[in-house]
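When we follow our numbering, the leftmost residue of the sequence shown carries the number 55, and every step to the right adds one. Don't be surprised by glycine CBs; every beta carbon is placed ideally from N, CA and C. Comments concern the structure below.
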Amino acid sequence: MTTTQETEQQKATLQWGIVGTGPISDNVVADLSTISGAVIRGVHSRDAAKASAFAEKVGGAFSTDNYEELLADGRIDVVYIATPFATHYPLTRQALLAGKHVLVEKPMAMTAAEVAELFQLAGQRNLFLMEGMWMKFNPAFVRLREEIAAGRIGEPRSVRAMFGMPFPQDDGSRWDVKRSGSTLLDQGIYPVTLAHSILGEPESIYAAGTVRSDGLDLAEHFTLEYSGGRFAHGAASTQEFADTSGSVSGTKGWIVLPGPFWATTNLRIHADNWQTIVHNPEPVELACEGNGYVPMLRAVSEAIRIGLTEHPLHTAADTIAVFRTLDRIRSAVETGEVNRGKDEE
Ligand SMILES: NC(=O)c1ccc[n+]([C@@H]2O[C@H](COP(=O)([O-])OP(=O)(O)OC[C@H]3O[C@@H](n4cnc5c(N)ncnc54)[C@H](OP(=O)(O)O)[C@@H]3O)[C@@H](O)[C@H]2O)c1
């Protein structure tokens, strides 16, 4: 192999460190292993045996229970952080300070201020940083935006999306404010991101919900209001089902994202003529690659290779704006009288 070929190959290869060995890491790493040029070099778990078992499954990766050791490994270019989200801000900050590019699971952090600080740090160090908002990279979501940009449904006027599931009460991080603990940040981030992608940041917000006495928001519903009467309706809940489909409506028709809207592989386009609008929407079927994370992982790999510090499909400004809305919804839900403490056992 010539020196030029070596350089090309090295440039084409990105070495990944995996942080956290839960089910989401399993799914994402399975997809990562199908991406050209992605090498999983190291695995971190707080438990050495779990790190070692995960690394063995991946093959060719070293394992450690020491996060500093993972970050100190000069071969690792980028870390994927898939831990409970109250830990995202410190773990991401530490990785950026160690000179690593970062893909961190949603939600990137707990507040807009934390997210802004992380992007500032990444920018200063010329490092790539992105929240793992895979929904925006899914082919159906990309197609939705293309159809809207082409004027298929006219001017977009409203968005509707909910994510409600009565998850079992167990000792998982979703029920623990110290580790994660926010239905809005865990689930509500999807409807809010969908609304932002279509209508942008809202001018005013109405929100109410159910908050446990330790501050964990268990459920919320919200209306995001925009100029000219445009709006988004959204909800999230761990207490009951809320139809997980979504839709975007406009002056000439509407597009449905069948549930779960954040991972859908098809669309139904109600547009063009009365028959199609009202009775027979055009079905659009799109492929799902792997577990669904392949498009995002491919996009992140390409962005890092060409030296971007943020991805154009999910920029720093997009992410911070979504968190500003999440902050406002949480504050309205937490301070509102509506349902506060209602479900206390
Ligand atoms: N994109 C998606 O489709 C998707 C789906 C589900 C979840 N998520 C996101 O992925 C993240 C993880 O969610 P999850 O439900 O997988 O969480 P989880 O099961 O509670 O934790 C994931 C892993 O993080 C590590 N961990 C646990 N507690 C920790 C702590 N206090 N400090 C550091 N590491 C800790 C553990 O791995 P070790 O024992 O190996 O350290 C655990 O297996 C969340 O941000 C969630 O919103 C995304």
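Which word fits residue i, buried or exposed, when buried means at least 16 other C-beta atoms lie within 10 angstroms of its C-beta?
| i | result |
| --- | --- |
| asparagine 192 | buried |
| glycine 423 | As displayed, the chain neither begins before 55 nor continues past 399, which places residue 423 out of reach and without an answer. |
| threonine 305 | exposed |
| proline 337 | exposed |
| glycine 283 | exposed |
| threonine 298 | buried |
| valine 354 | buried |
| aspartate 225 | exposed |
| serine 258 | exposed |
| glycine 113 | exposed |
| threonine 318 | buried |
| threonine 389 | exposed |
| tryptophan 328 | exposed |
So, helix, strand or coil for residue i, using DSSP?
| i | result |
| --- | --- |
| threonine 264 | strand |
| alanine 102 | helix |
| serine 87 | coil |
| proline 77 | helix |
| aspartate 397 | Any reading at aspartate 397 needs caution, since the residue's pLDDT is 46, under 50, leaving its predicted position unreliable; the model's value is listed next. In this structure, aspartate 397 counts as coil in the three-state DSSP scheme. |
| isoleucine 202 | helix |
| serine 299 | coil |
| threonine 277 | strand |
| proline 193 | helix |
| leucine 367 | coil |
| glycine 113 | coil |
| alanine 176 | helix |
| glycine 208 | coil |
Between which two residues does the beta strand (DSSP E) containing residue i stretch?
| i | result |
| --- | --- |
| phenylalanine 285 | 285-291 |
| phenylalanine 182 | No beta strand (DSSP E) contains phenylalanine 182, which DSSP labels as neither H nor E. |
| phenylalanine 377 | Unbroken run through phenylalanine 377 is the alpha helix (DSSP H), 370-389; no beta strand (DSSP E). |
| isoleucine 135 | 132-135 |
| tryptophan 470 | Residue 470 cannot be examined here, being either before or after the span of the chain that is shown, 55 to 399. |
Is any heavy atom of ligand 3 found at a distance shorter than 7 Å from the C-beta of residue i?
| i | result |
| --- | --- |
| glutamate 159 | As for ligand 3, it is missing from this structure, which binds only ligand 1. |
May I ask which residues mark the beginning and end of the alpha helix (DSSP H) holding residue i?
| i | result |
| --- | --- |
| glutamate 122 | 121-126 |
Problem set entry | Start-end ranges of the alpha helix (DSSP H) lying completely within the region 141-173, minimum 4 residues | Assignment of alpha helix (DSSP H) within the region 141-173, counting only whole runs of 4 or more residues, yields 142-151 in chain order.
For this session: Counting only runs of 4+ residues fully inside the region 320-365, write out the alpha helix (DSSP H) ranges in chain order.
Result: 348-359
Exercise. Is there contact here, the region 203-216 with the region 150-157, by at least three beta-carbon pairs under 8 Å?
Worked result: no
For this session: Could you tell me which uninterrupted beta strand (DSSP E) segments, each at least 3 residues in length, are contained entirely in the region 212-270, listed from first to last along the chain?
Result: 258-265
For this session: Kindly confirm or deny that the region 169-186 and the region 133-147 touch, where touching means at least three C-beta pairs closer than 8 Å.
Result: Yes: the two stretches touch, three or more of their Cβ pairs being nearer than 8 Å.
Exercise. Is the region 246-265 touching the region 336-343 in the sense that three or more CB pairs, one from each, lie closer than 8 Å?
Worked result: Output reads no: the region 246-265 does not touch the region 336-343.
Problem set entry | the region 70-79 contacting the region 91-99, beta-carbon criterion three pairs below 8 Å | yes
Exercise. If we count Cβ pairs, one from each stretch, closer than 8 Å, do we get three or more for the region 216-228 versus the region 286-293?
Worked result: With contact defined as three or more Cβ pairs closer than 8 Å, the region 216-228 and the region 286-293 are in contact.
Exercise. Are three or more beta carbon pairs between the region 168-183 and the region 105-116 nearer than 8 Å?
Worked result: no
Exercise. Between the region 231-240 and the region 347-362, do at least 3 Cβ pairs fall closer than 8 Å?
Worked result: no
Problem set entry | At least three beta-carbon pairs within less than 8 Å, the region 258-278 to the region 381-389 | yes
For this session: Count the CB pairs spanning the region 223-236 and the region 262-270 that are closer than 8 Å, and state whether there are at least three.
Result: Counting C-beta pairs closer than 8 Å gives three or more between the region 223-236 and the region 262-270, which meets the contact rule.
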